[in-house]
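As they're listed, the protein sequences go chains A and B. So for the first sequence, the numbering used here puts the first residue at 111; every next one is plus one. So for the second sequence, the numbering used here puts the first residue at 111; every next one is plus one. Below you'll find the structure, written out as structure tokens, and then a few comments.
There are 2 protein chains.
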Amino acid sequence: MNHNELIDEAFSFLDQAYYELEKDPAALQLRKNEIRDEINAKGTYSHTYEELEQGAKMAWRNSNKCIGRLFWNTMTVIDARCASTVEEVTNALLHHLKVATNGGKIRPTITIFEPGKVRIWNHQLVRYAGYETEDGIVGDPDSVDFTNQVIKLGWRGVGTSHDVLPLVFTMNDDKPLVIDLPEDHVLQVEVEHPEYDFSSLGAKWYAVPIISDMRLEIGGIDYGAAPFNGWYMGTEIGARNLADTDRYDLLPKVASVMKIDTSSNATLWKDRALVELNRAVLYSYQKAGVSIVDHHTAAKQFQKFEQNEAKAEREVTGNWTWLIPPVSPATTHIFHKPYKNKILSPNYFYQEKPF
Amino acid sequence: MNHNELIDEAFSFLDQAYYELEKDPAALQLRKNEIRDEINAKGTYSHTYEELEQGAKMAWRNSNKCIGRLFWNTMTVIDARCASTVEEVTNALLHHLKVATNGGKIRPTITIFEPGKVRIWNHQLVRYAGYETEDGIVGDPDSVDFTNQVIKLGWRGVGTSHDVLPLVFTMNDDKPLVIDLPEDHVLQVEVEHPEYDFSSLGAKWYAVPIISDMRLEIGGIDYGAAPFNGWYMGTEIGARNLADTDRYDLLPKVASVMKIDTSSNATLWKDRALVELNRAVLYSYQKAGVSIVDHHTAAKQFQKFEQNEAKAEREVTGNWTWLIPPVSPATTHIFHKPYKNKILSPNYFYQEKPF
Ligand code: HEM
Ligand code: HEM
């Protein structure tokens with residue numbers, strides 16, 4: 111991006127952010143002059159904390175795939191741009207884990223590092239390893255690539271189906287650092303069912319999904335390390351992580367515990383097992399005092415978000431294929447209307463894997 | 111469409127159809143000359159039976175929203191282009207109902223009328239009336255508009271929740287004709303559950319979905335009346351017609367029969383009720399000897415269709431948002447891959463309502 115393009119991106123963000131923050135036009139003009147000078151002198155510019163906070167929140171609001179956007183304005187935004195040593199970055203990540211987990215009362219949180227300084231290799235800060243063995247994959251098949259990388263870097267896991275992977279990040283494109291997560295930082299929930307005995311499944315999951323491999327773009331500035339989290343919607347665990355055939359693939363085991371007839375597709379055994387697995391996830395998180403939302407409530411909250419946005423005279427963009435829940439989608443209003451999948455800025459984007 | 115455009119459309123259809131039918135190049139050339147002459151003389155042209163059959167089948171194969179396309183080549187194509195009186199059209203429609211129903215062993219069937227001659231007002235040949243009453247809608251809310259029209263035309267229904275609507279069609283844009291369906295032509299299935307007592311729901315549905323308001327386009331020719339049917343996929347009945355809140359809305363009743371806790375979304379009572387309603391639909395149709403397919407089997411059949419098409423070196427186009435089933439979509443392979451929603455010809459299209 112050349113200077114003028116960056117100035118355009120910066121100004122267009124400023125215009126919207128300052129309008130939303132109800133800043134007066136003089137302040138906006140002053141700040142624009144400042145940013146123009148900074149870009150012309152250094153080729154880039156630096157956001158104030160207030161801009162960073164508003165930008166990160168707007169980026170969530172603009173996340174077309176996210177059903178949780180009602181709460182976009184309540185996120186805790188942690189400015190970690192001054193973290194410049196391995197220790198400082200590690201501390202910032204552990205601090206995020208702690209603040210976000212909050213003993214189960216999960217707080218939507220983002221920690222933003224200086225552009226270009228840090229790159230986190232983990233897909234999420236907490237995730238289970240996946241090992242290729244002679245008897246098939248042990249652990250989370252989705253983590254096999256990353257686990258192989260981490261092993262190459264010298265890490266050894268115990269080899270259970272739920273080994274928490276270490277933090278891996280680079281600083282200034284230097285050698286990757288591998289740092290084990292202290293056990294007491296990783297809240298986890300054993301999945302039990304209110305009626306059936308699910309203990310033979312050995313199903314558990316961690317409390318907080320902290321996406322750590324996406325790029326946050328605000329006003330033309332790319333934050334390549336900006337881990338963020340909300341709380342889980344139950345189906346993410348019960349209908350995907352634990353159920354997909356290329357993940358923990360638990361539906362046959364659930365059906366067997368439930369003693370249902372799996373001799374034909376038409377008994378809908380998969381559907382029955384799926385619903386009970388999802389009930390168990392919601393039940394267990396609630397029992398453990400860990401925030402979680404079911405897909406019906408989440409859809410209702412999203413409807414409220416749509417109403418709020420209409421009031422604010424902003425268009426709601428959305429990606430229907432991600433917004434519909436993977437369990438009983440037609441029971442939510444989302445299924446029955448179209449969404450325009452226009453990508454607005456600020457936003458969160460995929461970036462190339464660093465390994 | 112001017113003559114040259116029509117010739118282009120005709121030829122492009124001919125090229126593909128004759129290639130698939132393994133006709134020799136000379137036959138193709140001869141037929142092209144014939145069609146060019148016919149268009150230049152009359153402004154339109156007429157398909158041979160073979161072309162009509164192949165075109166209707168290709169149109170099914172190209173139906174991006176349809177998960178049932180594995181069977182595209184097995185459809186019975188009935189040429190009713192010579193039907194030119196009210197009696198002949200009525201007989202053709204009743205014949206379709208009979209041949210397609212086939213005592214429960216449903217045959218995919220299409221009946222094609224002369225372009226411009228007939229326009230069927232029904233959305234499907236068999237459908238339940240919907241009446242607006244002081245206590246809310248009785249019957250199928252989706253039929254309220256059409257039912258009002260039919261009442262304006264002098265028809266009177268009994269007023270139950272399952273009154274079969276009459277056939278309504280125009281000929282040569284003349285006055286609409288209203289013709290009651292003989293009861294013995296309309297196979298219906300009472301929905302019962304293998305374990306729970308569903309009798310208080312009064313749920314039933316008809317055997318054969320015969321879409322009668324779409325336009326079939328083949329080689330530039332529009333067939334505005336070409337009712338077609340397959341058999342049902344269970345979710346169409348159990349997860350939409352009987353479940354949607356703006357249709358028969360049975361989930362609360364199902365939950366009450368099942369005696370499940372509906373005090374909170376997180377009990378997933380809607381999801382549990384939905385699965386059991388869908389089980390009941392599949393169970394009842396099977397018990398009644400009426401063809402039906404569950405969504406898991408349908409997805410597998412669609413996968414086979416994709417493989418067949420790859421072998422035939424044809425691209426499979428699809429509309430993901432319609433192809434995924436509305437129950438447990440992520441348990442099917444369809445959920446996990448993208449489809450290109452390119453509209454090929456021949457195809458079935460929506461057309462403006464005639465009322
Ligand atoms: C507060 C509770 C939240 C809930 C219940 C929630 C729910 C969801 C769900 C169900 C998905 C789809 C995930 C999938 O199918 O893999 C999603 C995606 C997403 N959400 Fe949220 N979310 C929350 C908070 C957040 C926050 C705090 C942010 C960012 C600040 C965010 C940004 C996103 C993004 C960028 C995606 C797409 C991820 C991707 O492309 O892989 N969400 N969210
Ligand atoms: C043989 C069994 C068949 C099955 C199981 C099947 C299944 C389905 C399903 C589940 C849908 C989605 C319906 C909805 O969500 O409302 C659909 C749509 C469709 N199918 Fe099929 N189908 C079959 C036969 C046929 C035939 C024979 C044709 C045409 C010759 C056809 C053409 C279409 C079209 C055009 C649509 C889209 C309808 C619309 O836009 O409203 N299908 N099919």
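Just so it is clear, CB atoms sit at the ideal spot from N, CA and C, and this is done for glycine as well.
Could you tell me whether any Cβ in chain B is nearer than 8 Å to the Cβ of residue i?
i, result
"Leu378 of chain A", "yes"
"Asn388 of chain A", "yes"
"Leu392 of chain A", "yes"
"His233 of chain A", "no"
Using the beta-carbon of each residue, which ones in chain A are nearer than 9 Å to residue i?
i, result
"Ala440 of chain B", "Thr345, Ala349, Arg350, Ala353, Asp354, Leu384, Pro436 and Val437"
What in chain A is Cβ-close to residue i, meaning under 8 Å?
i, result
"Thr431 of chain B", "Trp430 and Thr431"
"His295 of chain B", "Residues of chain A passing the Cβ test: none, with the nearest at roughly 27 Å."
Quick one: what's residue i bridged to in DSSP?
i, result
"Ala239 of chain B", "Answer is none; Ala239 of chain B lacks a bridge partner."
"Gly249 of chain B", "B:Gly240"
"Leu326 of chain A", "A:Tyr333 and A:Tyr458"
"Glu300 of chain B", "B:Lys314"
"Leu116 of chain B", "None; Leu116 of chain B has no bridge partner."
"Asn339 of chain B", "B:Thr219 and B:Ile320"
"Gln234 of chain B", "B:Ile321"
"Leu287 of chain A", "A:Phe279"
"Asp134 of chain B", "Paired residues: none, contrary to the question."
"Asp189 of chain B", "B:Ile222"
"Thr427 of chain B", "B:Lys450"
"Ile261 of chain B", "Paired residues: none, contrary to the question."
"Val274 of chain A", "A:Tyr238"
"Arg229 of chain A", "A:Thr280"
"Ile402 of chain B", "B:Tyr342"
Since residue i and residue j are thought to touch, with beta carbons under 8 Å apart, how far apart are those beta carbons, to the nearest angstrom?
i, j, result
"Trp341 of chain A", "Ile216 of chain A", "4 Å"
"Ser394 of chain A", "Val278 of chain A", "With a Cβ gap of about 29 Å, Ser394 of chain A and Val278 of chain A do not count as contacting."
"Leu384 of chain A", "Val437 of chain A", "6 Å"
"Ile222 of chain B", "Tyr333 of chain B", "5 Å"
"Pro439 of chain B", "Pro439 of chain A", "6 Å"
"Ala202 of chain A", "Ala210 of chain A", "The pair is not a contact, with the Cβ atoms about 12 Å apart (cut-off 8 Å)."
"Gly348 of chain A", "Gly214 of chain A", "Gly348 of chain A to Gly214 of chain A, Cβ: 18 Å. No contact."
"Met324 of chain A", "Gln411 of chain A", "No, Met324 of chain A and Gln411 of chain A are not in contact; Cβ-Cβ is about 22 Å, not under 8 Å."
"Val318 of chain B", "Val236 of chain B", "7 Å"
"Glu132 of chain A", "Gly330 of chain A", "Incorrect: roughly 23 Å between the Cβ atoms, too far for contact."
Identify the contact partners of residue i in chain A, using a Cβ-Cβ distance below 7 Å as the criterion.
i, result
"Asn375 of chain B", "Asp404, His406 and Thr407"
Against chain A, with Cβ distances strictly below 8 Å, would residue i count as a contact?
i, result
"Asp323 of chain B", "no"
"Asp250 of chain B", "no"
"Asp118 of chain B", "no"
"Gln396 of chain B", "yes"
"Lys381 of chain B", "Going by the sequence as given, residue 381 of chain B is Asp instead of Lys. Judged by the 8 Å Cβ criterion, Asp381 of chain B is in contact with chain A."
Flag residue i as yes if its beta-carbon sits less than 8 Å from any beta-carbon of chain D, otherwise no.
i, result
"Gly330 of chain B", "Of the chains in the structure shown, none is chain D; the protein chains are A and B."
With hydrogens ignored, establish whether the beta-carbon of residue i is closer than 7 Å to any heavy atom of ligand 3.
i, result
"Ser173 of chain B", "Of the ligands one can find in the structure shown, namely ligand 1 and ligand 2, none is ligand 3."
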